[in-house]
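Chains as they are written, first to last, in this note's numbering: chain C, 1 to 373; chain G, 1001 to 1227.
Here a beta-carbon is modelled for each residue, glycine too, at the ideal position from N, C-alpha and C.
Have a look at this one:
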């Protein structure tokens, strides 16, 4: 038998108590891992969504909520004439009242009006079926929306009091678009009584254009009217918001260290207390204090490492289940950083929780320990 | 003439903030290879004396030299306990979650031996105490006598120069007690190890080369059966 195998064996002398301690720590680790995976997944999805689109700049009404304002359609043509702009698409976005919710979309199901030749600006390169005809009640629908609404090519859908024929189904891989539908801009403006209005203008810039300068030019040309944001700037802004979750994860980590640490101290103190006589015997047979200290510390770390493994598995399951419950469009971001954080917290809990009981055991006077009943 | 392996002079130990004098100027010399029984009434200081010899406790005053080491001047006594002393307690004090073999291996952890060497030495001693067929049993599956035999094997595993036995037959029936005593005496002779045994039982004490009577923390009579 080796010293190491003794350390591995001892924590399981009282299986129930050890199991409870492991569960207590594992819940904390699972929370850290799950939040880390979800936050990472959200960041990756956001970045992918905002950067994957065919547009470089998103122009919205100044001082309005993102994508909820209105812009005069004439600005679309004007923006096309600004130096450095390659292509421009005005999109009117309206949210119809429908009975079925669309799972996995970016918010509620919306219908976008766009000129047929501008679809590439919103990343739609092709459809399963055919595109809509300008000015008609034809519509193409995203794969996520089609699945949720149980619609296929040739079906009709009633939107804003009018029946639309679904001519095609598209899939961009971008959660912002795949949960929506696109139709002719003229048609949507007519039936929603929004003549000459668009909600957002998407701009494709020429390759050598400085996006920050272009944004500035647009905002300076239309002060207090238009706001231009590049995809990367938007990503940064959203990531800034997500960093709050990161801070929350660290706060939870600290809480897990504290709660787990108290649990481990309790478990190890009880263990040392019950084994007082045994520790006296180990001293009597010549074990040095630091070997006893190492044994108890080792047992504490073994407990927390097992908790780290259990917690990591639980965390992954929770993240996968949580994200699939939200529609499954976002995948957990498996990164070494998240798992290392979980294991680091576990080891820290093991060391902090074990240090006092281990010190106490190592300092027990042998005669008193041997007399202990 | 044999040299003295234990030399104690004017040893004093007080407990309870000096109110209780467990050892009160005790003098004792024990020769290498000797078998000495220590007798005396409860509270006379027998076990305290044994603890002092085994460096489990430190005296307040006096001198105590064991195996050439001045225990009053040595700070870390764990190495001394590991190399020079083997303890046999009244209650076997085996570790319940370890099997017989592992219990005997425990004292060897400080000796820089590998697992194989530790196992070989433990098996050698378990064979000597007649437990080679029970090495994988845990203590709760053993009889009282078997447990005490494991404790004896554990005490001898590091080749100590002195075995300290505190009432080794105290928790056993007389027949099992006799077997344990015979085993202890045989091993003491075979391994040429000094045996110091605390006992209440006169017939047990008589098996020793010499009986030392302790009362009020002092040796008040020595019954030398050989010289």
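Fully enclosed alpha helix (DSSP H) runs of no fewer than 4 residues occupy 1046-1053 of the region 1017-1075 of chain G, in order along the chain. Annotated three-state conformation of residue 13/C is coil, per DSSP. In this structure residue 335/C is in contact with residue 40/C, their Cβ atoms being roughly 6 Å apart against a cut-off of 8 Å. Taking the C-beta atoms as reference points, residue 231/C is found nearer than 8 Å to residue 56/C.
Each residue's CA atom was taken as its position, placing residue 132/C and residue 83/C some 31 Å apart. Under the DSSP assignment, residue 1188/G falls in the alpha helix (DSSP H) whose first and last residues are 1174-1190. Residue 3/C has a beta carbon lying within less than 8 Å of a beta carbon in chain G. With a cut-off of 8 Å on Cβ pairs, the region 1003-1019 of chain G is not in contact with the region 292-301 of chain C, counting fewer than three such pairs. Taking the CA atoms as reference points, residue 292/C sits about 30 Å from residue 1008/G. The continuous alpha helix (DSSP H) containing residue 270/C extends over residues 231-274.
Across the set 1062/G, 1195/G and 1110/G, the C-alpha of 1062/G shows the shortest separation from the C-alpha of residue 1010/G. Under the 10 Å beta carbon count, residue 286/C is surrounded by 16 or more other beta carbons and is classified as buried. About 5 Å separates the CB atoms of residue 284/C and residue 1087/G; that is less than 8 Å, so the two are in contact. Collapsing the DSSP output to three states places residue 218/C in a helix. For the C-beta of residue 1079/G, the chain C residues within less than 9 Å are, from N- to C-terminus, 286 and 288. Runs of beta strand (DSSP E) with 3 or more residues, each lying fully within the region 122-208 of chain C, are found at 138-142, 156-159, 162-170, 181-184 and 200-205, listed in chain order. Taking the C-beta atoms as reference points, residue 1099/G is found no nearer than 8 Å to residue 1218/G. Secondary structure note for residue 1010/G: its beta strand (DSSP E) is the uninterrupted segment 1004-1015. Each residue's CA atom was taken as its position, placing residue 1051/G and residue 300/C some 31 Å apart. Contact check between the region 1033-1044 of chain G and the region 1191-1199 of chain G: three or more CB pairs, one atom from each, fall below 8 Å, which counts as touching. Residue burial annotation: residue 109/C is buried, with at least 16 other C-beta atoms found within 10 angstroms of its C-beta. The region 115-130 of chain C and the region 189-197 of chain C do not touch, with fewer than three beta-carbon pairs separated by less than 8 Å. A Cβ-Cβ contact shorter than 8 Å links residue 75/C with residue 226/C. Judged by beta-carbon spacing, residue 303/C lies beyond the 8 Å limit of residue 89/C, meaning their Cβ atoms are not closer than that value.
Close to residue 1054/G, with beta-carbon spacing below 8 Å, are these residues of chain C in chain order: 284. Cβ-Cβ distances below 7 Å link residue 245/C to 35 and 39 in the same chain, with the five nearest sequence neighbours on each side left out; the list follows chain order. Residue 127/C is a Cβ neighbour of residue 170/C, given a cutoff of 8 Å. In the structure shown, the three-state DSSP call for residue 1099/G is coil.
Between residue 1115/G and chain C, the shortest Cβ-Cβ separation is below 8 Å. A distance of 8 Å or more separates the beta carbons of residue 1153/G and residue 1214/G. Residue state for residue 46/C is assigned as helix, using DSSP reduced to three classes. Proximity of residue 367/C to chain G, defined by a Cβ-Cβ separation below 8 Å, is satisfied. Annotation: residue 1032/G to residue 4/C spans about 37 Å, alpha carbon to alpha carbon.
For residue 278/C, the nearest beta carbon of chain G is closer than 8 Å to its own beta carbon. For residue 313/C, none of the residues of chain G pass the 9 Å Cβ criterion, the least Cβ distance being about 27 Å. According to the DSSP assignment, residue 1165/G belongs to the beta strand (DSSP E) that extends over 1162-1166.
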